[in-house]
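Heads up: take any position in the sequence shown, counting from 1, add 1, and you land on the working numbering.
Each residue gets a CB set at the ideal place from its N, CA and C atoms; glycine is no exception.
What you are looking at is a predicted structure, and each value in this text was computed from that prediction instead of being measured.
Okay, so here's the structure we're looking at.
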Amino acid sequence: MEPIAVDVKAGETYWWCRCGKSAKQPFCDGSHKGGEFAPVKYQAAADARLWFCACKRTASPPLCDGSHRKPAAPPAS
Ligand code: FES
Numbered sequence: 002m003e004p005i006a007v008d009v010k011a012g013e014t015y016w017w018c019r020c021g022k023s024a025k026q027p028f029c030d031g032s033h034k035g036g037e038f039a040p041v042k043y044q045a046a047a048d049a050r051l052w053f054c055a056c057k058r059t060a061s062p063p064l065c066d067g068s069h070r071k072p073a074a075p076p077a078s
């Protein structure tokens, strides 16, 4: 899943969806409630176009680190 470009505004707070269930990707819509994940807070330091992770595999949440291009790890056994 490709990252999602967002024009953030300096000083604004954004809540990135970590669980993948939100209908408002890449941001949280509350769908995580009752699950194991919680959203990640991001505060923009400057006006900028940023690429938010949509695959939820980034090692640098909430921003894309290119992990969507790598094969997914096999499930733990
Ligand atoms: S809906 Fe996914 S973290 Fe809130």
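Relative to the C-alpha of residue 3, which candidate in 16, 9 and 26 has its C-alpha closest? Numbered from its first residue, the sequence shown carries residue 3 at position 2. Closest by alpha carbon: 26.
_What does the Cβ neighbour count give for residue 19, buried or exposed, with the cut at 16 atoms within 10 Å?_
Stepping through the sequence shown from its first residue, residue 19 is reached at position 18. Buried, because 16 or more other Cβ atoms sit within 10 Å of the Cβ of residue 19.
Using a threshold of 8 Å, state whether the C-beta atoms of residue 74 and residue 66 are closer than that.
Here the question's residue 74 lines up with position 73 in the sequence shown. Here the question's residue 66 lines up with position 65 in the sequence shown. Cβ atoms of residue 74 and residue 66: not closer than 8 Å.
Option nearest residue 36 by Cα separation, candidates 7, 47, 76 and 22:
The residue you call residue 36 lines up with position 35 of the sequence shown. Nearest option by C-alpha distance: 22.
When you measure from the CB of residue 56 to every non-hydrogen atom of the ligand FES, does any distance come out below 7 Å?
Translated into positions along the sequence shown, residue 56 becomes position 55. False, no ligand heavy atom lies under 7 Å from that Cβ.
Is the separation between the beta-carbon of residue 6 and that of residue 45 shorter than 8 Å? As a position in the sequence shown, residue 6 is number 5, starting the count at 1. As a position in the sequence shown, residue 45 is number 44, starting the count at 1. No, these two residues do not count as a Cβ contact at 8 Å.
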